[in-house]
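Heads up, the sequence shown is in the working numbering, so the first residue is 67 and it goes up one at a time. Glycine included, C-beta positions come from ideal geometry on N, C-alpha and C. One structure below.
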Amino acid sequence: MHEFGPNTFSIEMTRQALMLDPDQAEWWHLHGKGLQRHRKSSRRYDIPSDEELRCAEKAVRMNSKSPLYMVLLARSYAETVAHIFYEFPRVPTELKEVYYKMNMATLNLLK
């Protein structure tokens, strides 16, 4: 579905697939991956959206043995942490817990 690059059509199709069958981890993964590709093609250095993170997290919760799912989630977490660090070299207190948890989750996913 994503072989020809990011487009809104593939995002819409996976969104419809999720409405029809939300119990398939692959749809959650493909939707999150499509959102990631779209973000990287249009706003390369933006932070992952809540929807992108939620899709990647749900795919891993549904199938924690898939390396593809774990890598997508780890990359999304790593990009979020990098964005926080870039925006706030001295991480504000209210973001320290989020920063730490995402950093540790990234490391655990990549073990």
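Selection from the options that minimises the alpha carbon distance to residue i
i	options	result
L138	Y152, T159, P158 and L176	L176
N174	E163, F151 and R141	R141
M168	Y111, L84 and I150	I150
Y152	A125, K131, Y135 and Y111	Y111
M170	R156, V157 and Y143	Y143
S121	D89, V157, P158 and R156	Looking at the sequence itself, residue 121 is Cys, so the reference to Ser does not match. Here the closest residue by C-alpha is D89.
A35	P133, K124 and T172	There is simply no residue 35 to check, as the chain begins at 67 and stops at 177 in what is shown.
Same chain, Cβ closer than 6 Å to residue i, five either side skipped, listed in chain order
i	result
E145	P114
Contact set for residue i: own chain, Cβ-Cβ below 8 Å, skip 5 residues either direction
i	result
I77	H97, G100, L101 and H104
T80	M67, W93, L96, H97 and G100
L86	none
Cutoff 7 Å; reference residue i; Cβ partners in own chain excluding five residues on either side
i	result
F154	L161
A83	W93
Buried or exposed by the 16-neighbour rule on C-beta atoms within 10 Å, applied to residue i
i	result
E118	buried
A148	exposed
Y13	Look at the range of the chain in this structure, 67 to 177, and you will see that residue 13 is not part of it.
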